[in-house]
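Numbering (numbering that gives the first Met the number 0), first residue to last: 0 to 161.
Ideal placement from N, C-alpha and C gives every residue a C-beta, glycine not left out.
Inspection log for the structure reproduced underneath, given as structure tokens.
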Amino acid sequence: MRAGTRVACRRAGTRSKAARRTLSLPNFLCKELAAHLARFGPGEGGLVFTVSEGGPLHLTNFRRRVWKPAVAASVGEPMRLHDLRHTHVALLIAADEEPYVLSRRLGHASIRTTFDVYGHLFEGRDRQAADALDEAGTTAMAASHADRMRTVASPNVASLDR
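And the structure:
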């Protein structure tokens, strides 16, 4: 992750062109990153998270020194860094985000990959779909009824017949 006018994450050897992407971050996370950078400043080449000397983090050391103690102190049960990716998707699905947006945020070359991996999180949404159709249908029928009522002759309508 590099700081600047944009924050960019670079991972060596991405699997597809879709994997190289720019993401919008939620405001709460931008505030946390700004506080982190105000305290520590960017490292070599604009790195946001570095070792104490300013160079890039090594994943094995980060897991052992930072990640595992933080997980033990918070959720207690084992959790992988990759689980944050799944949590991100689950939260966005629960917030009714569009699958295409999820696919782009995840860097999937195909939306099929998104559904193959995360499709189970969409299960049980049939009732929600029926309710959405019910609301749309009710709104359309009410609008149609209002249109019909406006075209019926009333004292406020002037006759065009001579």
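Task: Cβ-Cβ separation, V70 to Y117 (assumed contact under 8 angstroms), whole Å - done: Contact flag wrong, Cβ pair sits at about 22 angstroms.
Task: Which of helix, strand or coil DSSP assigns to P163 - done: Summary: the structure shown does not reach residue 163, with the chain confined to residues 0 through 161, and so no result is reported for it.
TODO: Determine the closest residue to Q127 out of R38, F114, G40 and A93, with distance taken between C-alpha atoms.
DONE: A93
- [ ] Note the first and the last residue of the continuous alpha helix (DSSP H) segment covering S102.
- [x] P98 to L105
- [ ] Tell whether a beta-carbon distance below 7 angstroms holds between A33 and A108.
- [x] no
Task: Sheet register partners of P55 (DSSP bridge) - done: T49
Task: Contacts around R111, its chain only, beta-carbon distance under 7 angstroms, and the 5 residues preceding and following it disregarded - done: none
- [ ] Determine the burial state of T4: buried for a count of at least 16 other Cβ atoms within 10 Å of its Cβ, exposed for fewer.
- [x] Residue placement at T4 is poorly supported in this model, since its pLDDT is 47, which falls under 50; the coordinates still yield a value, given next. Flag for T4 reads exposed.
TODO: For V65, count neighbouring C-beta atoms within 10 Å of its own C-beta (all shown protein chains included) and say buried if the count is 16 or more, exposed if not.
DONE: exposed
- [ ] For L22, I'd like the list of residues in its chain whose CB is within less than 7 angstroms of its CB, leaving aside the five on either flank, ordered along the chain.
- [x] R104
TODO: Quick one: which unbroken alpha helix (DSSP H) runs of 4-plus residues sit fully inside the region 65 to 134? Chain order, please.
DONE: 67 to 73, 81 to 93, 98 to 105 and 110 to 117
Task: Inter-residue spacing [alpha-carbon to alpha-carbon] between D95 and M140 - done: 25 angstroms
Open item on the list: Is the separation between the beta-carbon of T113 and that of L132 shorter than 7 angstroms?
Closed with: no
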